[in-house]
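So for the sequence shown, this note's numbering puts the first residue at 6; every next one is plus one.
So the structure is just underneath, and the comments pick up after that.
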Amino acid sequence: MQELFKALKECVMSDPINCNEENSKEERGSILYLVVPCYNEEEVIITSAQKMKDKMQGLINKGIISSKSKIMFVNDGSKDNTWKIIHGLCKADSIFSGICFSRNYGHQSAILAGMLTARQYADMVVTIDADLQQDIEALDEFIKCYRDGCEIVYGVRNDRDTDGFFKKITATLFYKLMHILGCNVLSNHADYRLLSKKALDALAEHKEVNLFLRGLIPTMGFQSDVVYFDVKEREAGKSKYTLKKMFALAVDGITSMSTRPIQIITLIGFFVSLFSAIMIIYCIWDWFSGHNVPGYTTTVVVSLLMGGLTIFSLGIVGEYVGKIYLEAKARPRYIVESFIWKDGDEKNE
Ligand code: UDP
Ligand code: MG
């Protein structure tokens, strides 16, 4: 018994988190897949592909990652030549592979599709934007954390200097609101992150249609770490995140992660009811004491306020009902039209 305690103590002292053999650093696979969502990125994709290839090749040469590692582009229904370029890259070099959606499903779906496809071949997956605004040099740090036993590594931007005034304000407000609503999101963490195979398997168990990966992934737990990186200017092309897309992501983020807005409505409803009860008692008392106040303005203000509040509350509840409707239909989160994995061979699904 004493020997068992001694062995246990040694194991815990040497590696407090991973005393499990399965998790030991040496045994972790080193096939890395870089997943790159692309929507109308013809201006920037060739330059980015070259930089990504150079980086991956460097890591392969140093023996940090396996030579089976790949760069996987996900064409999210681009209307320009993005898919043609990806096709050409895959034909030219087997380090590239590509997935083509049947239409535009959005950034979150593109990342998810890439991760879930790469899961079959990779030991770890890093998602990064096609414009390489996120510093690719941070990959070394990501892999180091993975080697140290992390299943999830979050990329967090050092600052928001490259953002415009509007984006800076809206992003800050969004993260503040998410925290107030009790959502566990890391401020300034975009979708630049590493997931190990184990984390990807866990992610695959989540079947929700309303995707907000920044909120969903932290709910899975696992040993994780943060890597800080600098954000650069976009090399070419414009941002593909229109105001409409940004707003939709924010609504998805809130409604898929928190039911607190509905609780707030209930709370407001309670206080308004309390106020109404006091007003009713006051009016009855007024009537009995014989005062006859005209009260036109009060009536209009109160009814407008109540009308506005009721419609706004119904809107919020409706937003959740709509989401439930979409989840209940359980439509596919994306449809893959074709997939190129090796030597430019295109498989049509
Ligand atoms: N993106 C996508 N589908 C979309 C919109 C964007 O796959 O519907 C991709 C885009 O090609 C890029 C990444 O998501 O790789 C981030 O978009 P962008 O750089 O335009 O956003 P920003 O950096 O301005 O927030
Ligand atoms: Mg960008």
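Idealized CB from N, CA, C, for every residue including glycine.
Suppose contacts are defined by Cβ-Cβ distances below 8 Å. Is Ser51 in contact with Cys43 by that definition?
Taking the first residue of the sequence shown as 1, we reach residue 51 at position 46. Taking the first residue of the sequence shown as 1, we reach residue 43 at position 38. In the sequence as displayed, the identity of residue 51 is Ile instead of Ser. Cβ distance not < 8 Å, so Ile51 and Cys43 don't count as in contact.
Would you mind working out which of Tyr38, Glu142, His92 and Val130 sits nearest Lys56, comparing C-alpha positions?
Taking the first residue of the sequence shown as position 1, residue 56 is located at position 51. The residue with the shortest Cα to Cα distance from Lys56 is Glu142.
Looking at the structure shown, is Gly323 part of a helix, part of a strand, or coil, going by DSSP?
Reading the sequence shown from its first residue, position 318 is the one you call residue 323. Of the three classes helix, strand and coil, the one that applies to Gly323 here is helix, per DSSP.
I want to check one thing, is the minimum distance from the CB of Arg239 to the heavy atoms of the ligand MG below 7 Å?
Along the sequence shown, one-based indexing puts residue 239 at 234. Yes.
Decide if Gln125 is buried, meaning its Cβ has at least 16 other Cβ atoms within 10 Å, or exposed.
Sequence index remark: in the sequence shown, residue 125 carries index 120 (1-based). Flag for Gln125 reads exposed.
What's the gap between the Cα of Pro63 and the Cα of Ser102?
Locating residue 63 in the sequence shown gives position 58, counting from the first residue. Locating residue 102 in the sequence shown gives position 97, counting from the first residue. Here the sequence assigns Gly to residue 63, which means Pro is not the residue at that position. If you take the alpha carbons of Gly63 and Ser102, they lie about 19 Å apart.
Limits of the alpha helix (DSSP H) - the one that Ser95 falls within
Position 90 of the sequence shown holds residue 95. Strictly speaking, residue 95 in this sequence is Cys, with Ser absent from that position. From DSSP, the alpha helix (DSSP H) with Cys95 extends over Thr87 to Ala97.
Taking the continuous beta strand (DSSP E) assigned at Val341, which residues delimit it?
Locating residue 341 in the sequence shown gives position 336, where the first residue counts as 1. Taken as a continuous stretch (DSSP letters only), the beta strand (DSSP E) holding Val341 covers Val341 to Ile345.
Given this structure, state the Cα-to-Cα distance separating Asn23 from Ile104, to the nearest angstrom.
As a position in the sequence shown, residue 23 is number 18, starting the count at 1. As a position in the sequence shown, residue 104 is number 99, starting the count at 1. Confidence at Asn23 is low in this model, with a pLDDT of 48, below 50, so the placement of that residue is unreliable and no value is reported for it.
For Leu144, count neighbouring C-beta atoms within 10 Å of its own C-beta (all shown protein chains included) and say buried if the count is 16 or more, exposed if not.
The residue labelled residue 144 in the question sits at position 139 within the sequence shown. Under this definition Leu144 is a buried residue.
Excluding the 5 residues flanking Trp88 on each side, which residues of the same chain have their C-beta closer than 8 Å to its C-beta?
Taking the first residue of the sequence shown as position 1, residue 88 is located at position 83. Result list for Trp88: Asn80, Gly103 and Cys105, in chain order.
Using the C-alpha atoms, what's the distance from Gly258 back to Ile285?
Locating residue 285 in the sequence shown gives position 280, counting from the first residue. Locating residue 258 in the sequence shown gives position 253, counting from the first residue. Taking the straight line joining both Cα atoms gives about 40 Å.
Residue environment, Gly295, which counts as buried when at least 16 other CB atoms sit within 10 Å:
The residue you call residue 295 lines up with position 290 of the sequence shown. Exposed is the call here.
Would Tyr151 pass as a contact of Tyr339 if the rule is Cβ separation under 8 Å?
Taking the first residue of the sequence shown as position 1, residue 151 is located at position 146. Taking the first residue of the sequence shown as position 1, residue 339 is located at position 334. Contact flag unset, no.
Would you please state the rounded distance, in angstroms, between the beta carbons of Met262 and Phe217? I believe it to be under 8 Å.
Within the sequence shown, the letter at position 257 stands for residue 262. Within the sequence shown, the letter at position 212 stands for residue 217. Met262 to Phe217, Cβ: 6 Å. Contact.
Assigned exposure category for Leu310 - 16 Cβ within 10 Å defines buried
Taking the sequence shown and counting its residues from 1, the one referred to as residue 310 is at position 305. With fewer than 16 other Cβ atoms within 10 Å, it is exposed.
Within 10 Å of its beta-carbon, does Val306 have 16 or more other beta-carbons around it, so buried, or fewer, so exposed?
Within the sequence shown, residue 306 is the residue found at index 301, counting from 1. Under this definition Val306 is an exposed residue.
Which whole-angstrom value is the C-beta distance of Gln138 and Arg239, which I expect to be below 8 Å?
As a position in the sequence shown, residue 138 is number 133, starting the count at 1. As a position in the sequence shown, residue 239 is number 234, starting the count at 1. That belief holds up - the Cβ atoms of Gln138 and Arg239 are roughly 6 Å apart, short of 8 Å.
For a test of the three-state rule: what should DSSP assign to Val49, helix, strand or coil?
Your numbering for residue 49 matches position 44 in the sequence shown. Here Val49 sits in coil by DSSP.
Three or more C-beta pairs closer than 8 Å, one from the segment 211–229 and one from the segment 153–165: is that the case here?
yes
For the ligand MG, any of its heavy atoms closer than 7 Å to the Cβ of Ser35?
If you number the sequence shown from 1, residue 35 lands on position 30. Answer for Ser35: no, Cβ out of range of the ligand MG.
From the DSSP output, in three-state form, read off Arg239 for me.
By one-based count along the sequence shown, residue 239 stands at place 234. Reduced to three states, the DSSP call for Arg239 is coil.
Quick check: what's the CA-CA separation for Thr247 versus Ile70?
Residue 247 sits at position 242 when you count from the first residue of the sequence shown. Residue 70 sits at position 65 when you count from the first residue of the sequence shown. The straight-line gap from Cα to Cα measures roughly 36 Å.
Quick one: does the C-beta of Ser308 sit closer than 7 Å to a heavy atom of the ligand UDP?
By 1-based counting over the sequence shown, the position of residue 308 is 303. Incorrect: Ser308 has no Cβ contact closer than 7 Å to the ligand UDP.
For His194, which three-state DSSP category applies?
The residue given as residue 194 occupies position 189 in the sequence shown. Three-state DSSP puts His194 in a strand.
Just the C-alpha distance for Tyr325 and His112, rounded to the nearest angstrom, thanks.
Along the sequence shown, read from residue 1 onward, the residue named residue 325 stands at position 320. Along the sequence shown, read from residue 1 onward, the residue named residue 112 stands at position 107. So the alpha carbons of these two residues sit roughly 22 Å apart.
Buried or exposed by the 16-neighbour rule on C-beta atoms within 10 Å, applied to Leu178
Working through the sequence shown from its first residue, we reach residue 178 at position 173. Exposed, because fewer than 16 other Cβ atoms sit within 10 Å of the Cβ of Leu178.
May I ask you to check if the CB of Gln113 is nearer than 7 Å to at least one heavy atom of the ligand MG?
Residue 113 sits at position 108 when you count from the first residue of the sequence shown. No, since every heavy atom of the ligand MG falls outside the 7 Å radius drawn around the Cβ of Gln113.
For Ile316 and Lys181, the rounded distance between their alpha carbons
Counting from one through the sequence shown, the residue named residue 181 turns up at place 176. Counting from one through the sequence shown, the residue named residue 316 turns up at place 311. Looking at the two C-alpha atoms, the distance is approximately 25 Å.
Identify, in the order they occur along the chain, each residue of the same chain with its Cβ nearer than 7 Å to the Cβ of Ala209, setting aside the five sequence neighbours on each side.
Residue mapping note: residue 209 aligns to position 204 of the sequence shown, counting from 1. Correct list, in chain order: Leu121 and Arg124.
Going by beta carbon distance, what residues of the same chain come within less than 8 Å of Lys203, once the five residues before and after it are set aside?
To locate residue 203, count along the sequence shown from 1; it is residue 198. Excluding positions up to five away in sequence, the list reads Glu156 and Phe227.
Could you spell out where the beta strand (DSSP E) holding Ile286 opens and where it closes?
On the sequence shown, residue 286 is found 281 positions in, with the first residue counted as 1. It is not in any beta strand (DSSP E) - Ile286 instead sits in the alpha helix (DSSP H) that spans Arg265 to Phe293.
Only counting the same chain, and skipping five residues up and downstream in sequence, which positions put a Cβ closer than 6 Å to that of Ile345?
Locating residue 345 in the sequence shown gives position 340, where the first residue counts as 1. Once the five neighbours on either side are set aside, the close Cβ partners of Ile345 are Cys95, Ser102, Gly103 and Glu351.
Just the Cα atoms here: how many angstroms apart are Lys75 and His211?
Here residue 75 corresponds to residue number 70 of the sequence shown, with the count starting at 1. Here residue 211 corresponds to residue number 206 of the sequence shown, with the count starting at 1. Answer to the nearest angstrom: the Cα atoms are 25 Å apart.
From Lys73 to Ile133, what distance separates their C-alpha atoms?
On the sequence shown, position 68 is the one that residue 73 refers to. On the sequence shown, position 128 is the one that residue 133 refers to. C-alpha separation (whole angstroms): 19 Å.
8 Å Cβ cutoff met for Val40 and Ala135
Counting from 1 along the sequence shown, the entry for residue 40 is found at position 35. Counting from 1 along the sequence shown, the entry for residue 135 is found at position 130. Cβ distance not < 8 Å, so Val40 and Ala135 don't count as in contact.
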